[in-house]
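Below you'll find the structure, written out as structure tokens, and then a few comments.
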Amino acid sequence: MASGARSFVLNRESDWTYNSTLRNLKFQDDNLILDNKDGESGVYISGAFDSLLSETKWHRLKLDINIPAGVEYKLRIYSSDSTEILIPVLGQAGKTRVNINNYLLDNKINIARKIDMFDTIGAKIYENPTDILLYEFTGRYLWLCLEIISYVEDPVEIKSMKIEFPQVTFVDYLPELYRTESGENSFLSRFLGIFQSIYVDLEDKIDIMPLKFDPDYTSRDFLNWIADWLSIKDIELWGEKRLRKLIKECVSIYKIKGTRKAISRVVEDYIGVEPIIVEQFEIKNNMFYHNQVDILENLFGDNGYVFTVMLPQSCVKDTENYIELLRVINNAKPVDSICNLVILTDQIYLDNHCYIGINSFITKNQDLILNKSQRDTNNLVISENITDNKTKNYYSEIFKNT
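Now the structure itself:
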């Protein structure tokens, strides 16, 4: 970390649920969500964050939260070198000693009493904070209680929480003259802490910049920005998984942009199947072209700017899917070329797109074999595989009459 401090970071479901108590909160994409349909407040209470060092001076807490209008939240913070405290006994005079962790994580204890405990032991309360300098907190352990009070139905989303320790200030890098003032409430330390927070946040963004440009790890919003920067059209058609794969291959595809190979790779990335691509000039150069010119021009176009992309029927679900695929191809092809997108059906139509070994097959008949050399002499051979004499005689009579 740029500031030289260590940190606890909560940005996954396992982070929020470990050693904690939650009420009326759920998870969506590892974010903590308050969906206030029942009109209840959401509460997150942590177990102890352990710095492993007595008299630790805590540095900073940063909360990344999206709150709509009409939402308030309170953050209670308490620190100590001991995990035990004295609290009043409910309904009785006097106090009893309890372990803070055991008390906060006990599911049998009402969560309202846990919140009251923070107030009883003198926890500091912050209203609607997003960035706090923790210069007032000293101790090995730190506890948090986040209470969200919502008066609207719009959900509240908490993306992450970061707690930095120990305290590292810019004053430590100044001449000794500026470090003569002692105590945690030093004005110079707190004043420079404002600028230090800005500086550290900028350094952190620079440190993670390589990850933001990595298609496998960047966020969806930044992924769309990269795709737009790379001139990928119709981003919404691709979906997140396919878009990440396409961006990783963009450099190699741009090297062959406008070629049949480039179009083939784009189509394969989109539907997962390598297409068959035929360019019109290939058909025209065939020695038999002029014998069937009308049929071939109907199938493959009548000029050299036309190319045909053929795909199996299983790759295209409906008309909308066909149009989307055609848009993807048109974005990848040369401007002056024309794409003829053909979906190969499993039915046989003469003079149409019917290809042996692709969407039609010729197989051997295991029950009947016609021997051409003997057919010319009207002497057809019935396969020995037909063991039923009645059936064999039936076919023999048919062939005698042909």
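Just so we're on the same page, the working numbering is the position in the sequence shown counted from 1, plus 778.
Glycine included, every Cβ here is placed at the ideal spot set by N, Cα and C.
- A straight line joining the alpha-carbon of residue 833 with that of residue 806 spans about 37 Å.
- Of the candidates 1058, 1006 and 993, the residue whose Cα lies closest to the Cα of residue 1026 is 993.
- For residue 945, the secondary structure class from DSSP, reduced to helix, strand or coil, is coil.
- When C-alpha distances from residue 839 are compared across 1084, 881 and 911, the shortest belongs to 911.
- Scanning the stretch 1020 to 1066 for uninterrupted beta strand (DSSP E) segments of 3 residues or longer gives 1054 to 1057, listed from N- to C-terminal end.
- It is roughly 11 Å from the alpha-carbon of residue 1073 to the alpha-carbon of residue 1061.
- Distances from the alpha-carbon of residue 917 to those of 836, 1075 and 984 put 836 closest.
- In this model, residue 1030 and residue 1024 are separated by some 10 Å (Cα to Cα).
- Taking a C-beta distance under 9 Å as the contact criterion, residue 1091 and residue 1078 do not qualify as a contact pair.
- Look at the stretch 912 to 995 and you find these whole runs of beta strand (DSSP E), each 3 residues long or longer: 919 to 928 and 934 to 943.
- Annotation for residue 940: 785, 787 and 840 place their beta carbon closer than 6 Å to its own, counting only its chain and skipping 5 residues before and after.
- Two segments are said to touch when three or more pairs of C-beta atoms, one from each, lie closer than 8 Å; by this definition the stretch 920 to 938 touches the stretch 843 to 858.
- Distance from the CA atom of residue 938 to the CA atom of residue 1121, rounded to whole angstroms, is 48 Å.
- Per the DSSP secondary-structure output, residue 805 pairs in a beta bridge with 810.
- Residue range 889 to 898 is occupied by the alpha helix (DSSP H) that includes residue 892.
- For residue 844, the secondary structure class from DSSP, reduced to helix, strand or coil, is strand.
- Between residue 820 and the set 895, 853, 990 and 980, the nearest pair of CA atoms involves 853.
- For the pair residue 799 and residue 823, the CB atoms are nearer than the 9 Å cut-off.
- Taking one beta carbon from each stretch, the stretch 1007 to 1018 and the stretch 1096 to 1113 have 3 or more pairs nearer than 8 Å; the two touch.
- Exposed is the label assigned to residue 951, since fewer than 16 other Cβ atoms lie within 10 Å of its Cβ.
- Excluding residues up to 5 positions away in sequence, 826, 877, 878, 879 and 919 lie with their Cβ nearer than 7 Å to the Cβ of residue 861 in the same chain.
- For a cut-off of 8 Å, the C-beta gap from residue 893 to residue 923 is around 6 Å, short enough to register as a contact.
- Between the alpha carbons of residue 857 and residue 998 lies a gap of roughly 38 Å.
- Look at residue 1132 here: in three-state DSSP terms it is coil, with no helix or strand label.
- Under the three-state reduction of DSSP, residue 850 is assigned to strand.
- The beta carbon of residue 818 sits closer than 7 Å to those of 802, all from its chain and outside the five residues before and after it, given in chain order.
- Ranked by Cα distance from residue 899, the options 874, 944 and 1034 are led by 874.
- In summary, residue 812 is buried, with 16 or more beta-carbon neighbours lying within 10 Å of its beta-carbon over all protein chains present.
- When 1100, 1070, 793 and 1041 are compared, the shortest CA-CA separation from residue 1112 is found for 1041.
- The secondary-structure analysis by DSSP pairs residue 820 across a beta bridge with 926.
- Annotated three-state conformation of residue 1010 is coil, per DSSP.
- Apart from sequence neighbours up to five positions away, the residues of its chain that approach residue 1051 with a beta-carbon distance below 6 Å are 1093, ordered along the chain.
- Remark: C-beta atoms of residue 1117 and residue 1085 approach each other more closely than 9 Å.
- Around the Cβ of residue 792, a 10 Å sphere holds fewer than 16 other Cβ atoms; the residue is exposed.
- Ranking 1115, 1097, 1087 and 790 by CA distance to the CA of residue 936 puts 790 first.
- Scanning its chain for C-beta atoms nearer than 8 Å, with the 5 sequence neighbours on each side dropped, one finds around residue 783 the residues 837, 838, 942, 943, 944, 945 and 946, in chain order.
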